[in-house]
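Here is the structure we will look at.
Residue numbers (my numbering): 7 to 125.
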């Protein structure tokens, strides 16, 4: 029995969706340790998650248009690279505002690039 290439694409899209959602929801797991380590309020850290979801929803419109024009492969690849870069930058944030902007805007927009074409 031969595996159809389309199912490989479906599996890769599902995996990328799980990674993107996992990256977003992992903030809740690290909320208390981050608050204790940085001295930031849990409310302030949680605000980054709210910004993340708002940005993801708005950015998905743009990513959807790019997917229509270029196809899902380059859009999802760009999103994956941006999620990785955004999470790396967010881990280096030295202020709460910096963390909120990087995690909320950069990671949120990048996650929209992964989720919009795969849904």
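We treat Cβ as the ideally placed atom computed from N, Cα and C, and that holds for glycine.
Just to confirm my understanding: we take residue i, look at its own chain, exclude 5 residues before and 5 after, and list those with CB closer than 7 Å. What are they?
| i | result |
| --- | --- |
| residue 53 | 106 |
| residue 84 | 119 |
| residue 110 | 54, 57, 58 and 61 |
Between which two residues does the alpha helix (DSSP H) containing residue i stretch?
| i | result |
| --- | --- |
| residue 100 | From DSSP, residue 100 is part of no alpha helix (DSSP H); its letter is neither H nor E. |
| residue 47 | Unbroken run through residue 47: none, as it is neither H nor E. |
| residue 11 | 11 to 35 |
| residue 120 | 114 to 124 |
What separation, rounded to the nearest whole angstrom, lies between the Cα atoms of residue i and residue j?
| i | j | result |
| --- | --- | --- |
| residue 45 | residue 55 | 18 Å |
| residue 22 | residue 77 | 16 Å |
| residue 79 | residue 122 | 12 Å |
| residue 102 | residue 51 | 7 Å |
| residue 99 | residue 42 | 15 Å |
| residue 47 | residue 18 | 37 Å |
Please classify residue i as buried or exposed, where buried requires at least 16 neighbouring CB atoms within 10 angstroms.
| i | result |
| --- | --- |
| residue 58 | buried |
| residue 193 | This structure cannot settle anything about residue 193, because the visible part of the chain is limited to 7 through 125. |
| residue 49 | exposed |
| residue 28 | exposed |
| residue 87 | exposed |
| residue 20 | exposed |
| residue 26 | buried |
Ordered along the chain, which non-local residues of its own chain (more than five positions away) have a Cβ less than 6 Å from that of residue i?
| i | result |
| --- | --- |
| residue 104 | none |
| residue 4 | As displayed, the chain neither begins before 7 nor continues past 125, which places residue 4 out of reach and without an answer. |
| residue 70 | 122 |
| residue 10 | none |
| residue 116 | 85, 88, 89 and 92 |
Might you give, ordered along the chain, the residues of its own chain that have their beta carbon closer than 8 Å to the beta carbon of residue i, omitting 5 neighbours on each side?
| i | result |
| --- | --- |
| residue 81 | 69, 72, 73, 119, 122 and 123 |
| residue 63 | 118 |
| residue 112 | 88, 91, 92, 95 and 96 |
(message) Check whether the segment 9 to 16 and the segment 37 to 47 touch, using three or more Cβ-Cβ pairs below 8 Å as the test.
(response) no
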